[in-house]
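Data block below; observations after.
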Amino acid sequence: MAKKLWGGRFKKEIDKDFFEFQKSIQYDYRLARFDIIHSLLHVIALENAKILSRPESVKLSLVLQEILQEVREDKFHHSSDSEDIHTEIQNRVEKKVGKLAQKLHTLRSRNDQIAFDEKFYCFREARNIVKLFTNLFYSLIHLKNSYKNISIVGYTHTQRAQNVIFSDYVDAFFYMFKRDADRLMEFSEKIVLCIGSGAFRGTSLTQEYDKAIEKIVRYLDKDEVGVKINIVENSLEHVSDRDFIIEFLSALSIIQMHLSRFAEDMILFSTQEFNFVDLPEEFCTGSSLMPHKKNPDFLELVRGYTGRIYGNLMALLTIMKGLPLTYNRDMQLDKEPLFSSVDIVKDELKIMARFIKGIKLNEKVIKKALEDESLYTVDLAEYLVKEKKVPFAQAHEITGKLIRYAEDNRCKIKDMDDSLLKGFSIHLNQKIIKEVFT
Ligand code: ARG
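Numbering (the numbering used here), first residue to last: 6 to 443.
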């Protein structure tokens, strides 16, 4: 078991099973880069407060930067017997500088560190996800440009409703995803990294932190530039609220809902029953028994992951409900749902962008489906209202009767002769019907 950040008041060793049960290093190692930046700022503050001498502060800072570099180069491997990432970094520093490391954790708490780390993680990942949307947008534009001036069947209640221009259909998703990306950007802009909460009541280092903050730019990589940082205003809420995670998970849930709806449309449209689209083979799988099968597994998994993503949001809302102020260990369990949602949505967006590029329309089948005259009843009613000044309710009735007649007599409205049409309305004739129905 690695050295802990506490223990002075304990006589007994921690129970081994309990230690395993309570440790978080197996997932919070992902916060290493942010935790190190917190430490780098803390070292400057400690020097400002004269708790560290200049040489001590330089030494600690160099070692921390060394570890940060390891993280950035993906060479950071955590030991699995540390309690958490804060302990892990502390022990690393101690290995490199010996006793001096004991001064690093002066006047600060893991409660402050973890809130800082998680806010930073959310900022960075929100921005990363916004970037992933760019490829998705290109793919949607590519798809609609590949099928200009083509109409498809539009649905309400999953019943044929009206014909609709294909590019409008694609744009519908474009606008939904655009709002999703904007929502994440706004979320990231609202994030302010706070420092100086201590365990919850604040610390005497406030002024020293204040002077340290401007130096943070030294330690940021390109994906972290633009993050805001400030002295904490209310340290109680800072260490004890996770509303920013709930907000992030909500935004991810909305993205997931949109992805799932798109997936569902494509699953439906690619069935033999619809057969409007041909899905890219490289994102489908076959059946071990039925040789003919080409299954839309990617789309099904996207739809299925909605359970996980909504569940993660529910988990956080439930963990936070009823927690007495301020920090409680329950909050440690916020990380797995957060990381899980971020990972899933990132993978989905990455693959979906490539998937959409490969979608093909079966134009012949679509054209045949568009021959269904019921798709044009609204156009006919609108014609009667606009051109013949018939009140809409009456136009609705006339058109309804017409379509019912065609259904009952298994004929096409287009094939009805003028005298038959006149029976429904004096304004109707074959020429008008042809015009409206094509
Ligand atoms: N692992 C903890 C978490 O994720 C860090 C804070 C621990 N604080 C404490 N007092 N035990 O929430």
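All C-beta atoms, glycine included, are put in the ideal place defined by N, C-alpha and C.
Remember, it's a predicted structure, so these values are computed and weren't measured experimentally.
Asked: Check whether I94 and S44 have beta carbons under 9 Å apart; Found: yes
Asked: Extent of the continuous beta strand (DSSP E) run through G159; Found: S156 to T161
Asked: Of the residues N434, F26 and L69, the one placed nearest A37, counting alpha carbons only; Found: L69
Asked: Pair within 9 Å by beta-carbon distance, V383 and H432; Found: no
Asked: Beta-carbon proximity check, F288 vs P296, cutoff 9 Å; Found: no
Asked: Near the ligand ARG: I119 beta-carbon under 8 Å from a heavy atom; Found: yes
Asked: At least three beta-carbon pairs within less than 8 Å, the stretch 158-169 to the stretch 200-218; Found: no
Asked: Per-residue burial, F23 [other beta carbons within 10 Å of its own, 16 or more giving buried]; Found: exposed
Asked: Residue burial classification, Q261 (beta-carbon count within 10 angstroms, cutoff 16); Found: buried
Asked: A166 CB to nearest heavy atom of the ligand ARG below 8 Å; Found: no
Asked: Contact test: N280 Cβ vs the ligand ARG heavy atom, cutoff 8 Å; Found: no
Asked: Cβ-Cβ separation, E130 to V390 (assumed contact under 8 Å), whole Å; Found: No, V390 and E130 are not in contact; Cβ-Cβ is about 52 Å, not under 8 Å.
Asked: Spatial distance of L145 from M271 (CA atoms); Found: 14 Å
Asked: beta-carbon H243 near the ligand ARG non-hydrogen atom, thresh 8 Å; Found: no
Asked: Distance between beta carbons of D89 and R115, contact taken as under 8 Å; Found: 7 Å
Asked: Coil, strand or helix - I56 by DSSP; Found: coil
Asked: DSSP-derived helix/strand/coil call for V169; Found: strand
Asked: Reduced DSSP category for T208 - H, G, I as helix; E, B as strand; rest coil; Found: coil
Asked: Three-pair Cβ contact test at 8 Å for the stretch 97-106 versus the stretch 177-189; Found: no
Asked: Residue from I42, D173, S202 and Q164 with nearest C-alpha to R113; Found: S202
Asked: L318 and S265 closer than 9 Å at C-beta; Found: no
Asked: T111, DSSP secondary structure in three states; Found: coil
Asked: Beta-carbon proximity of L46 to I324, cut-off 9 Å; Found: no
Asked: Rounded Cβ spacing between K365 and D283 (contact assumed at less than 8 Å); Found: 4 Å
Asked: Sequence-distant residues of the same chain with beta carbon closer than 8 Å to H147, five excluded per side; Found: I361 and K362
Asked: Residue burial classification, V232 (beta-carbon count within 10 angstroms, cutoff 16); Found: buried
Asked: Whole runs of the beta strand (DSSP E) within the stretch 371-417, excluding any shorter than 3 residues; Found: none
Asked: Contact under 9 Å by Cβ, D377 with I250; Found: no
Asked: Beta-bridge pairing of C199 - partner residues as DSSP gives them; Found: N235
Asked: Beta-carbon proximity list for D423, same chain, < 7 Å, skipping 5 on both sides; Found: N434 and Q435
Asked: Any non-hydrogen atom of the ligand ARG within 8 Å of N116 CB; Found: yes
Asked: Buried/exposed call for V63, threshold 16 Cβ in 10 Å; Found: exposed
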